[in-house]
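Quick notes on the structure that follows.
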Amino acid sequence: MDTKPKILLAEDDEHLSHLIKDELEDEGYSVTLCADGQSAIDVFDKNKFDLCLLDIMMPVKDGFSVAKKIRQQSDVIPIIFISTRALIDDKIEGYSRGADDYIVKPFNMRELLLKLDVFLRRTRKLFSEVKSEFTIGKIFFSHTDLKFESPDGVLKLKQKEADLLQFLCMHPNKILKRDEILLAVWGKDDYFLGRSMDVFMSKLRKYLKADPQVVLETIHGLGYRFSVPA
Numbered sequence: 265m266d267t268k269p270k271i272l273l274a275e276d277d278e279h280l281s282h283l284i285k286d287e288l289e290d291e292g293y294s295v296t297l298c299a300d301g302q303s304a305i306d307v308f309d310k311n312k313f314d315l316c317l318l319d320i321m322m323p324v325k326d327g328f329s330v331a332k333k334i335r336q337q338s339d340v341i342p343i344i345f346i347s348t349r350a351l352i353d354d355k356i357e358g359y360s361r362g363a364d365d366y367i368v369k370p371f372n373m374r375e376l377l378l379k380l381d382v383f384l385r386r387t388r389k390l391f392s393e394v395k396s397e398f399t400i401g402k403i404f405f406s407h408t409d410l411k412f413e414s415p416d417g418v419l420k421l422k423q424k425e426a427d428l429l430q431f432l433c434m435h436p437n438k439i440l441k442r443d444e445i446l447l448a449v450w451g452k453d454d455y456f457l458g459r460s461m462d463v464f465m466s467k468l469r470k471y472l473k474a475d476p477q478v479v480l481e482t483i484h485g486l487g488y489r490f491s492v493p494a
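Start counting the sequence shown at 265; every next residue gets the next number (this note's numbering).
In structure tokens form, the structure reads like this:
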């Protein structure tokens, strides 16, 4: 298994992006490079990353839009903006959009590397305290790898599907209230997120049919119960 920290780098300046990518790879990081915001969103949706480096002014979708999408799926993955926009109002907007840090171009590469190390150490400590692999009946699930193995085969889950299933696996055979799940997985409770959660639950229920002993029940008026074999 590749244990290199995985970085999503979204930067449309070709020279700078390759300079950063080469430097990070020399330091042992695995870097996925995207030249526009929409590509970054598409790549993030299908892969697992440890940290995101985002330019703000990019084609198709800007860095703020990318950060918004990332935050809809994860509250903990570090986001660092790298931008020529140096006004305090720009920085405030960056932090309000979900950034953990904001670096103004041009910047010192050593400073960037130190910041990456700090954020990744924090998240490693956080995730080391949370179980990431589960065997449920005939099903094996790895949150880290987004892998779902069952008698029907192997699936690559989306990040939010994996986050939701992880929460369910950590609370088996217990009635979980809707607002409790929304707050734990999405970070807030509102109507539209509730509808989104129902869609994800339906998808998980379809995957879980591979083992009839594993049942994701809807408890009307309350929430859900993830029933698993003892």
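Backbone N, C-alpha and C fix where the C-beta goes; we use that ideal spot for every residue, glycine too.
I'd like the list of long-range same chain contacts for residue 265, defined as Cβ closer than 8 Å, with 5 residues on each side in sequence excluded.
For the purposes of this step, residue 265 is identified with residue 1 of the sequence shown, where counting begins at 1. At residue 265 the pLDDT is 46, less than 50, meaning the model places this residue with poor confidence; the figure from the coordinates comes in the next sentence. If we look at residue 265 and ignore the five residues flanking it on each side, its Cβ neighbours are 409.
How many Å lie between residue 502 and residue 404 at the Cα?
Here the chain comprises residues numbered 265 to 494, so residue 502 is not present and cannot be evaluated.
Taking all protein chains shown into account, decide if residue 484 is buried (16 or more other Cβ within 10 angstroms of its Cβ) or exposed.
Reading the sequence shown from its first residue, position 220 is the one you call residue 484. Exposed, by the Cβ-count rule.
Just the Cα atoms here: how many angstroms apart are residue 461 and residue 417?
The sequence position of residue 461 within the sequence shown is 197, counting from 1. The sequence position of residue 417 within the sequence shown is 153, counting from 1. Those two C-alpha atoms are separated by around 24 Å.
Taking only three categories from DSSP, how would you classify residue 307?
Numbered from 1 along the sequence shown, position 43 holds the residue referred to as residue 307. Residue 307 falls in the helix class under three-state DSSP.
Look at residue 344 and residue 326 and say whether their C-beta atoms are less than 8 Å apart.
In the sequence shown, the residue the question calls residue 344 occupies position 80. In the sequence shown, the residue the question calls residue 326 occupies position 62. No, these two residues do not count as a Cβ contact at 8 Å.
Buried or exposed: which applies to residue 471, given that a residue is buried once 16 or more other Cβ atoms fall within 10 Å of its Cβ?
Here residue 471 refers to the residue found at position 207 of the sequence shown. When all chains shown are included, residue 471 counts as buried.
Just to confirm the assignment: which complete beta strand (DSSP E) runs, minimum length 3, are found wholly within the stretch 275–352?
Listed in chain order, they are 294–298, 315–319, 343–347.
Once DSSP output is grouped into helix, strand and coil, what is the label at residue 365?
On the sequence shown, residue 365 is found 101 positions in, with the first residue counted as 1. The answer is strand: DSSP assigns residue 365 an E or B state.
State the DSSP-derived secondary structure class of residue 482, mapped to helix, strand or coil.
For the purposes of this step, residue 482 is taken as the residue at position 218 of the sequence shown. If DSSP states are grouped into helix, strand and coil, residue 482 belongs with the strands.
Write down the C-beta distance between residue 377 and residue 291 rounded to the nearest angstrom, noting that I regard them as a contact closer than 8 Å.
On the sequence shown, position 113 is the one that residue 377 refers to. On the sequence shown, position 27 is the one that residue 291 refers to. With 8 Å as the limit, residue 377 and residue 291 qualify as a contact, their Cβ atoms being about 6 Å apart.
Would residue 492 and residue 400 qualify as a contact pair, given that the criterion is a beta-carbon distance under 8 Å?
For the purposes of this step, residue 492 is taken as the residue at position 228 of the sequence shown. For the purposes of this step, residue 400 is taken as the residue at position 136 of the sequence shown. Contact flag set, yes.
Starting from the N-terminal side, write out each stretch of the beta strand (DSSP E) that is 3 residues or longer and does not extend beyond the stretch 428–486.
Those beta strand (DSSP E) runs which fall completely within the stretch 428–486 and span 3+ residues are 439–441, 479–483.
Checking 8 Å against the spacing of the C-beta atoms, do residue 496 and residue 356 come in under that value?
Given that the chain is displayed from residue 265 to residue 494, the structure contains no residue 496 and the question cannot be resolved.
Going by the beta-carbon positions, is the gap between residue 465 and residue 486 smaller than 8 Å?
For this step, residue 465 is matched to residue 201 along the sequence shown. For this step, residue 486 is matched to residue 222 along the sequence shown. Going by C-beta atoms, residue 465 is not nearer than 8 Å to residue 486.
Under the rule that 16 or more other beta-carbon atoms within 10 Å means buried, what is residue 424, buried or exposed?
Along the sequence shown, one-based indexing puts residue 424 at 160. Buried is the call here.
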